[in-house]
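Its first residue numbered 4, the sequence shown is counted upward by one per residue in my numbering.
By construction, the Cβ of each residue, glycine as well, lies at the ideal position given by its N, Cα and C atoms.
It should be emphasised that the depicted structure is a prediction, and the values quoted were computed from it without experimental measurement.
Data first, discussion second: the structure below is written as structure tokens.
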Amino acid sequence: MKPFKNSKGGLDDILHKVEDKVKGDFRNFKDKVDESLKYLDERLEDVRDKTYYGLQKVKGGILEYGIAIKDKIEKLPEYLDKKLEEIKYKILEYGPKIMLSALPSPARVSISEGLYIMNADKSPRGKLIGYGLIIVGAGTSIVYFIMVGLNAIHSLPSNNEHVQYLGSGYIAFVPNGQTINYNGHIDPEGELILPNGSEIKNVIWDGQYSNTIIQNHNQIVQLNNQFVGQTDPINGQPYVPLQDLYVIDANNSQVPIQQAIINGQTYYVIEANNINPGNIAGFYTYDNWVSNFVEAMNTPGTYAAGLPGNSPVYDWTNTTGTVAYQTELYGHYGLGGGGLVLVQPNGTVISYGENINIPAGTYLSNFVAPQQVYNPSS
Numbered sequence: 004m005k006p007f008k009n010s011k012g013g014l015d016d017i018l019h020k021v022e023d024k025v026k027g028d029f030r031n032f033k034d035k036v037d038e039s040l041k042y043l044d045e046r047l048e049d050v051r052d053k054t055y056y057g058l059q060k061v062k063g064g065i066l067e068y069g070i071a072i073k074d075k076i077e078k079l080p081e082y083l084d085k086k087l088e089e090i091k092y093k094i095l096e097y098g099p100k101i102m103l104s105a106l107p108s109p110a111r112v113s114i115s116e117g118l119y120i121m122n123a124d125k126s127p128r129g130k131l132i133g134y135g136l137i138i139v140g141a142g143t144s145i146v147y148f149i150m151v152g153l154n155a156i157h158s159l160p161s162n163n164e165h166v167q168y169l170g171s172g173y174i175a176f177v178p179n180g181q182t183i184n185y186n187g188h189i190d191p192e193g194e195l196i197l198p199n200g201s202e203i204k205n206v207i208w209d210g211q212y213s214n215t216i217i218q219n220h221n222q223i224v225q226l227n228n229q230f231v232g233q234t235d236p237i238n239g240q241p242y243v244p245l246q247d248l249y250v251i252d253a254n255n256s257q258v259p260i261q262q263a264i265i266n267g268q269t270y271y272v273i274e275a276n277n278i279n280p281g282n283i284a285g286f287y288t289y290d291n292w293v294s295n296f297v298e299a300m301n302t303p304g305t306y307a308a309g310l311p312g313n314s315p316v317y318d319w320t321n322t323t324g325t326v327a328y329q330t331e332l333y334g335h336y337g338l339g340g341g342g343l344v345l346v347q348p349n350g351t352v353i354s355y356g357e358n359i360n361i362p363a364g365t366y367l368s369n370f371v372a373p374q375q376v377y378n379p380s381s
């Protein structure tokens, strides 16, 4: 999976997490950024020269006015810092831990590049360039989220001001084996995987299916303890640990998330009783594929299919072949049907199983009981 580090909250922590997450992307864009910096530097030098030349020509009262302008220019970085803080707080109002991690990739990269430059170059030039990149990224995200009505987040009335709505794409709750006493009953803890594969930690599933999720996860752990390390009799490869996840179709059912503080720790509580059961389904796959699984579900062109009993996929001497058979094996212990695959447009195949202990969601039936059969030779 692709988790962010744990945080006590706050936009600065989240922005730093985003910065760390996209450092690899930033290196790939280094040449383009260097070229942009060179261009901006040249433009700034040109502006500076013209400004200096103009200031030299002013006389008397005009000179006094020019000095005032010069003072304002010198205070520009401070002003930009203040405006940036205002933007930060404005973003904070809309639930940054959800929105920033779900930003479109170009926006995340642009914002992170700006933060990186501002952190590395404390000069006015660095702040100007960094602020410009952040504005570009912010503009992208504002157009994407606000102009379409902030699809992913909608505030409830003021008496429920700590509740936010997530309403876009397929998202998944991934239990981590821990439970917590919330409002007098035991709920599972875990992570929330967003459509882009990003992760929000310290999430609680409260309401319908909470006990079932706890039992399902315990069963997965027991089966992993029993089989991981043994050998797949079909492809001769060792079994791998599997992980259960619970997908919500947020396109058809907005997901209410309540922020709560328990013993000094901030949690994000999924209020499952307010979600249409038809938009919930349980799955299980290789634990290192969970984020990829969610991303694949959200990728246009991906389709789900079943494997016939004589499928050559079971013979593949890779993790895909192993998980294909292993999900069938776990299914015999009452967990659910296995032998399913997600086939992505680039040809990548992700093996998985569906959890029969969570009633098949109406809107997720194409993933729970796919009508297609996967034939790798086609």
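A direct Cα-Cα distance of roughly 8 Å separates ILE353 from ASN295. Two segments are said to touch when three or more pairs of C-beta atoms, one from each, lie closer than 8 Å; by this definition the region 295-308 does not touch the region 207-225. Between the alpha carbons of LEU248 and ILE278 lies a distance of about 16 Å. Within the model, the alpha-carbon separation for GLN268 versus ASN184 is close to 13 Å.
SER354 carries a strand assignment under DSSP once its states are collapsed to helix, strand and coil.
Taking C-alpha positions only, GLY340 is separated from PRO373 by approximately 12 Å. Comparing C-alpha distances from SER256 to each of VAL371, TYR366, GLN375 shows the shortest one belongs to TYR366. In the DSSP assignment, the residues bridged to ASP209 are GLU274. Residue environment analysis places PRO315 among the exposed positions, since fewer than 16 neighbouring C-beta atoms fall within 10 angstroms of its C-beta. Three or more pairs of CB atoms, one per stretch, sit closer than 8 Å, so the region 231-250 contacts the region 327-336. Shown here, GLN222 sits in a helix according to DSSP, grouped into three states.
At the C-beta level, VAL376 and GLU357 stay beyond 7 Å of one another.
In this structure, DSSP gives ASN295 a helical state, which the three-state scheme calls helix. Closest in alpha carbon position to GLY312, among TYR287, ILE203, ILE237, is ILE237.
Collapsing the DSSP output to three states places ASP235 in coil. Membership of LEU169 in the beta strand (DSSP E) is indicated by the continuous run 166-169.
Per DSSP, THR305 lies in no beta strand (DSSP E) segment and is marked neither H nor E. For VAL250 against ALA284, the beta-carbon gap comes to about 5 Å, under 8 Å, which counts as contact. Taking PRO379 as the centre and dropping the five residues before and after it, the same chain places the C-beta of PRO315, VAL316 closer than 7 Å to its C-beta, in chain order. Comparing alpha carbon positions, the residue from GLY334, ASN291, HIS335 closest to THR322 is ASN291. Following the DSSP letters along the chain, one finds GLN181 inside the beta strand (DSSP E) bounded by residues 173-185. In the three-state scheme derived from DSSP, where H, G and I count as helix and E and B as strand, SER201 is classed as strand. Taking C-alpha positions only, VAL177 is separated from GLY193 by approximately 5 Å. Here GLN167 is buried, its C-beta having at least 16 other C-beta atoms within 10 Å. Annotated three-state conformation of THR330 is helix, per DSSP. Per the coordinates, the alpha-carbon of GLY172 lies some 16 Å from the alpha-carbon of ALA307. Pairing THR288 with TYR336 gives a Cβ-Cβ distance that is not under 7 Å. Annotation for VAL371: the continuous alpha helix (DSSP H) segment containing it runs 368-371.
In the same chain as ILE189, and ignoring 5 residues on each side of it, the C-beta atoms closer than 6 Å to its own belong to THR182, in chain order. In this structure, ALA253 lies near GLY170, with their beta-carbon atoms less than 7 Å apart.
In the structure shown, GLN229 adopts helical secondary structure according to DSSP, grouped into three states. Of the candidates GLN218, TRP319, VAL326, ILE265, the residue whose Cα lies closest to the Cα of ILE359 is GLN218.
Taking VAL346 as reference, the option from LEU310, ASN266, PRO362, ASP318 with the minimal CA-CA separation is LEU310. Distance from the CA atom of VAL224 to the CA atom of ILE138, rounded to whole angstroms, is 46 Å. Put simply, of ASN199, ASN186, GLY334 the residue whose alpha carbon is nearest the alpha carbon of ASN301 is ASN199.
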